[in-house]
Amino acid sequence: TRFVRVDITANTGWSAAQLSELEVRGAGGSSADLAAGKTLTASSTNRSRTPADANDGNRDSYWASREGQFPQWIQADLGASLGVDRVVLRLPDGWTARSQTLKLQGSANGTDFTD
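Sequential numbering from 6 applies to the sequence shown in this note's numbering.
Given below as structure tokens:
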């Protein structure tokens, strides 16, 4: 998998998709975050809350999509096809509880995604 996408269709805590950190962990027990330092892109951005905020290692910053427009997505380009074991999604510490309806998708080419 070269591209890992989070496709978000609803958020109970706000009218936009939101994500503080998108971490992609490698297969074979590697604890390294394969998305660290890689390019993140998204379907939209809400003011200064850019995709880069979702892999900067800072839990206080976060990406947010345009408000009131679902579905939205954010994705990491890992730079090469790699074995992925798990994806960790984080929100800023201290936020109230919320649920985001989402699915994780992978792609080898950035165009054709599978769940």
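Where is the CB? At the ideal position from N, CA and C, for every residue including glycine.
| Check | Outcome |
| --- | --- |
| Extent of the continuous beta strand (DSSP E) run through R95 | V89 to R95 |
| For K43, the nearest candidate out of T14, R64 and V29 (CA to CA) | V29 |
| Inter-residue spacing [alpha-carbon to alpha-carbon] between N51 and Q74 | 11 Å |
| As assigned by DSSP and simplified to three states, the class of D12 | strand |
| At least 3 beta-carbon pairs within less than 8 Å: the stretch 8-15 vs the stretch 65-84 | yes |
| Spatial neighbours of A57 in its chain, beta-carbon cut-off 7 Å, leaving aside the 5 residues before and after | L45 |
| Coil, strand or helix - A69 by DSSP | strand |
| Own chain partners of L94 with C-beta closer than 7 Å, once the 5 adjacent residues on each side are dropped | V11, L24 and L27 |
| Rounded straight-line distance, which links the Cα of A47 to that of S20 | 16 Å |
| Where S36 falls, given that 16 or more other Cβ within 10 Å makes a residue buried | exposed |
| CB contact flag (G18, T106, <8 Å) | no |
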